[in-house]
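Novice: Per the working numbering, residue 930 is the first one in the sequence shown, and the count goes up by one each step.
One structure coming up, written as structure tokens, with questions to follow.
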Amino acid sequence: MAAKYGFLFGAALVLLLTACNPPAADETFTVNTGFDTIDANVGDGTCADANGNCSLRAAIMEGNANPNTTEIILTQGEIYRLSIEGRNEDASASGDLDLTERTYIRAAGAADTQQATVDAEELDRAFDIHSGHFHFLEGLFITGGLADGSRSGGAIRISTGLVGIEDTTIWGNSAGGDGGGIYADGGTVWVEDSTIAHNEAFGDGGGIFATTNVRLNTNTTLDRNASGFGEGLFTSQVHQEAGELFAHQATITATIGVALVIKQEATITNSIISGKTRDCTFVGSGTITTSTHNVYSGTTCSPTTTDVIAPVTSLGPLVDNGGPVLTRMPLETFPSVDLIALSDPTCIGNDARQQPRGGNGCDAGALETQPGEAIGADCTSPPNLVPGAQLQNCDLRTADISGANLSGANLNGANLSGTSSSGGNFTGANLTSANLAGADFNSDDFSGASIGGADFSGASFLFVNLGGATGTPANTSASFGLVLCPTGVLSSDNNDTCDGQYLP
Ligand SMILES: [Ca+2]
Ligand SMILES: [Ca+2]
Ligand SMILES: [Ca+2]
Ligand SMILES: [Ca+2]
């Protein structure tokens, strides 16, 4: 896996290097068809259906016949749909894909781009992992899994062994029993750089239900998984029935119910944990033995002095922020940003997008905001139009910005198209890549502003001061009162002197 770190917390912090790397392959099958077909001659060492093609199912069937490690390579961007009906079958010949010997299934190509989709088409769950000691799934988008009736594990059921899951999305699966995404009742589930969202279980654990060890090792997001009967204390993203729960650099957020149900021991570090009704529900002897550098939305997880409490409303939605999986981008003012000191031994590695941790400190959660990237804290309705306001990527088309003092504001990527302003103060503001197409400015002051990459097409600038503005706009076509000087500097000086001064 990308980040090869494990953490043990005892009387003193112990940094332990552990690894969950893909197994070395003894045989490799490259899947060359999206059709769901069985292997024509299981055990002959060749992945081939009746037509001589190698399907995902045929590769797994052949791999199950080999006690050594089988590597199965899928193609990024392709969709592998299950179509052979037949539930409650465990030889991978029908319904779910049963893994019984060591298997490494991955999408070929650069790990940070597209995934390969495995769609179970609601004919069964997607993967059923019975045995084999070590399995590894990398770069997959697993969806459409259905464990109907009272069965558990909508996308994946795990009975034993170490199962590594990396750069993978588990999305839109459901179970009549427990574990809408993953049901683990043996071995250890090790998850990195992955997102588990929009799964549901009629029982407990919308995202994960575990009677065994779950290691959300780094950079995993759980969001909008549902379980049980709505707002109950057992409606959860992760339900720990037994085993150890470990979450490091995780973002676990719930729009219904709670984030975590804990019945035994849990270790929660550098994470964002937020339920709707409450963050944690403890049952029996359930306890969080270590809690450091987390952002909780309340006190139910028993925060320590290094944890902070803040409403998760200041966290952006689950969207594509780059990288293989969807993530939630915090606002600049959300306390997850730079929560962990650079000197802290856990402030290392990359985030879920393979962007480096750091800046002025490491962020809690699966995503590390990069310089200038966090969503503007004032991007609300109405926006907070004050000097230095953080308005990156904000939609300000209907905002009344006339006369506003936005000196030094961050308007990077903001949408101001078609707006009008008179006498506004934009001195020193960051308007890099902002959209000002068709905007109407009169007597506004843009002196010292950064306007590189901004779109001024069709904009009208009358008596506007652009003195000292820096950067070359992306577009100034058919705009009134604007001159793009030979030096690349934009001027509002209509007499083409390009002296950067407004007209008298
Ligand atoms: Ca064969
Ligand atoms: Ca099965
Ligand atoms: Ca099956
Ligand atoms: Ca940071």
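For each residue, glycine too, the CB sits at the ideal point set by N, CA and C.
Taking the alpha-carbon positions, what's the residue 929 to residue 1186 distance?
Specialist: Residue 929 falls outside the range modelled here, since the chain spans only 930 to 1433, and no answer is possible.
Novice: Using the Cβ count rule (16 or more neighbours within 10 Å means buried), how would you classify residue 1363?
Specialist: Here residue 1363 is taken as the residue at index 434 of the sequence shown, counted from 1. Its Cβ being crowded by 16 or more others within 10 Å, residue 1363 is buried.
Novice: Between the alpha carbons of residue 957 and residue 996, how many angstroms are there, rounded?
Specialist: Numbered from its first residue, the sequence shown carries residue 957 at position 28. Numbered from its first residue, the sequence shown carries residue 996 at position 67. Roughly 13 Å between the two C-alpha positions.
Novice: Three-state secondary structure (DSSP) at residue 1153?
Specialist: The sequence position of residue 1153 within the sequence shown is 224, counting from 1. Residue 1153 falls in the coil class under three-state DSSP.
Novice: Between residue 949 and ligand 1, is there a pair consisting of the residue's CB and a ligand heavy atom that are separated by less than 7 Å?
Specialist: Along the sequence shown, one-based indexing puts residue 949 at 20. Incorrect: residue 949 has no Cβ contact closer than 7 Å to ligand 1.
Novice: Beta-carbon within less than 7 Å of residue 1061's beta-carbon, same chain only, minus the 5 sequence neighbours each way: which residues are those?
Specialist: The residue given as residue 1061 occupies position 132 in the sequence shown. 1028, 1029, 1030, 1031, 1032 and 1090, listed in sequence order.
Novice: Which of helix, strand or coil does DSSP assign to residue 989?
Specialist: Within the sequence shown, numbered from 1, the residue matching residue 989 stands at position 60. Three-state DSSP puts residue 989 in a helix.
Novice: Using CA atoms only, rank isn't needed, just tell me which of 1142, 1184 and 1402 is closest to residue 1155.
Specialist: Indexing the sequence shown from 1 puts residue 1155 at position 226. Ranking 1142, 1184 and 1402 by Cα distance to residue 1155 puts 1184 first.
Novice: Given this structure, state the Cα-to-Cα distance separating residue 1119 from residue 1340, to the nearest angstrom.
Specialist: Taking the first residue of the sequence shown as 1, we reach residue 1119 at position 190. Taking the first residue of the sequence shown as 1, we reach residue 1340 at position 411. Their Cα atoms are separated by approximately 40 Å.
Novice: On the DSSP letters alone, give me the boundaries of the beta strand (DSSP E) that residue 1246 sits inside.
Specialist: As a first step, residue 1246 must be located in the sequence shown, where it is residue number 317. Its beta strand (DSSP E) spans residues 1244-1248.
Novice: Could you tell me whether the Cβ atoms of residue 1332 and residue 1352 are closer together than 8 Å?
Specialist: Taking the first residue of the sequence shown as 1, we reach residue 1332 at position 403. Taking the first residue of the sequence shown as 1, we reach residue 1352 at position 423. Result yes, Cβ atoms of residue 1332 and residue 1352 sit closer than 8 Å.
Novice: Check whether the region 1155-1174 and the region 1258-1266 are in contact - that is, three or more C-beta pairs closer than 8 Å.
Specialist: no
Novice: My output table needs one value for residue 1143: the three-state DSSP class, helix, strand or coil.
Specialist: Sequence index remark: in the sequence shown, residue 1143 carries index 214 (1-based). Correct three-state label for residue 1143: strand.
Novice: Restricting to runs no shorter than 4 residues, where is the alpha helix (DSSP H) found entirely within the region 988-1046?
Specialist: none
Novice: Grouping DSSP H, G and I as helix and E and B as strand, with all else coil, what is residue 1393?
Specialist: For the purposes of this step, residue 1393 is taken as the residue at position 464 of the sequence shown. Here DSSP, grouped into helix, strand and coil, assigns residue 1393 to coil.
Novice: Excluding the 5 residues preceding and the 5 following residue 1361 in the sequence, name in chain order all residues of the same chain whose CB lies nearer than 6 Å to its CB.
Specialist: As a working note, residue 1361 is residue 432 in the sequence shown. Around residue 1361: 1341, 1379, 1381 and 1382.
Novice: Where do the ends of the beta strand (DSSP E) carrying residue 1069 lie?
Specialist: Residue 1069 sits at position 140 when you count from the first residue of the sequence shown. Run containing residue 1069: 1069-1072, per the beta strand (DSSP E) assignment.
Novice: Grouping DSSP H, G and I as helix and E and B as strand, with all else coil, what is residue 949?
Specialist: Start at 1 with the first residue of the sequence shown, and residue 949 comes out as number 20. Coil, per DSSP.
Novice: Leaving out the 5 sequence neighbours to the left and right, which residues in its chain are closer than 7 Å to residue 1347 when beta-carbon positions are compared?
Specialist: Counted from its first residue, the sequence shown places residue 1347 at position 418. Apart from sequence neighbours up to five positions away, the residues of its chain that approach residue 1347 with a beta-carbon distance below 7 Å are 1326, 1367 and 1368, ordered along the chain.
Novice: Can you say whether residue 1012 is buried or exposed, counting buried as having 16 or more other CB atoms within 10 angstroms of its CB?
Specialist: Start at 1 with the first residue of the sequence shown, and residue 1012 comes out as number 83. Residue 1012 is exposed by the Cβ-count criterion.
Novice: Taking just the CA atoms, how far does residue 1197 sit from residue 941?
Specialist: For the purposes of this step, residue 941 is taken as the residue at position 12 of the sequence shown. For the purposes of this step, residue 1197 is taken as the residue at position 268 of the sequence shown. Note that residue 941 scores 27 on pLDDT, short of 50, meaning its location in the model is unreliable and no value can be drawn from it.
Novice: What do you reckon, are the CB atoms on residue 1304 and residue 1314 nearer than 8 Å?
Specialist: By 1-based counting over the sequence shown, the position of residue 1304 is 375. By 1-based counting over the sequence shown, the position of residue 1314 is 385. The answer is no: Cβ separation not under 8 Å.
Novice: Hey, could you find the ends of the beta strand (DSSP E) residue 1199 is sitting in?
Specialist: Looking up residue 1199 in the sequence shown gives position 270. Going by DSSP, residue 1199 is part of no beta strand (DSSP E) at all; its letter is neither H nor E.
Novice: List the endpoints of the continuous beta strand (DSSP E) containing residue 1095.
Specialist: Mapped onto the sequence shown, residue 1095 falls at position 166. Taken as a continuous stretch (DSSP letters only), the beta strand (DSSP E) holding residue 1095 covers 1091-1095.
Novice: By alpha-carbon positions, which one of 1017, 1288, 1025 and 1409 ends up nearest to residue 1272?
Specialist: Counting from 1 along the sequence shown, the entry for residue 1272 is found at position 343. Closest by alpha carbon: 1288.
Novice: For chain D, is any of its Cβ atoms less than 8 Å away from the one on residue 972?
Specialist: This model lacks chain D altogether; it includes just one protein chain.
Novice: To which residues of the same chain is residue 954 closer than 8 Å at the C-beta, ignoring the five residues directly before and after it?
Specialist: Taking the sequence shown and counting its residues from 1, one reaches residue 954 at position 25. Contacts found: 998, 999, 1000 and 1033.
Novice: Under the three-state reduction of DSSP, which class applies to residue 960: helix, strand or coil?
Specialist: Translated into the one-based positions of the sequence shown, residue 960 becomes position 31. It is coil, neither helix nor strand.
Novice: Say the cut is 7 Å; is the CB of residue 1106 nearer than that to a heavy atom of ligand 2?
Specialist: Start at 1 with the first residue of the sequence shown, and residue 1106 comes out as number 177. No, since every heavy atom of ligand 2 falls outside the 7 Å radius drawn around the Cβ of residue 1106.
Novice: The beta strand (DSSP E) that contains residue 1113, what's its start and end?
Specialist: Taking the sequence shown and counting its residues from 1, the one referred to as residue 1113 is at position 184. First-last of the beta strand (DSSP E) with residue 1113: 1111-1113.
Novice: Look at the Cβ atom of residue 1080, then the Cβ atom of residue 1106, and state whether they are nearer than 8 Å.
Specialist: As a working note, residue 1080 is residue 151 in the sequence shown. As a working note, residue 1106 is residue 177 in the sequence shown. Taking 8 Å as the Cβ cut-off, residue 1080 and residue 1106 qualify as a contacting pair.
Novice: Compute the distance between the beta-carbons of residue 1099 and residue 1084, then report whether it is under 8 Å.
Specialist: Here the question's residue 1099 lines up with position 170 in the sequence shown. Here the question's residue 1084 lines up with position 155 in the sequence shown. Yes.
Novice: Measure the C-alpha to C-alpha separation of residue 992 and residue 1259 and round it to an integer number of angstroms.
Specialist: Here residue 992 refers to the residue found at position 63 when the sequence shown is read from its first residue. Here residue 1259 refers to the residue found at position 330 when the sequence shown is read from its first residue. C-alpha separation (whole angstroms): 42 Å.
Novice: Run through DSSP, which three-state label would residue 1241 get?
Specialist: By 1-based counting over the sequence shown, the position of residue 1241 is 312. It is helical.
Novice: For residue 1149 and residue 1244, which I take to be in contact (beta-carbon distance under 8 Å), what is that distance rounded to the nearest angstrom?
Specialist: Translated into the one-based positions of the sequence shown, residue 1149 becomes position 220. Translated into the one-based positions of the sequence shown, residue 1244 becomes position 315. Residue 1149 to residue 1244, Cβ: 15 Å. No contact.
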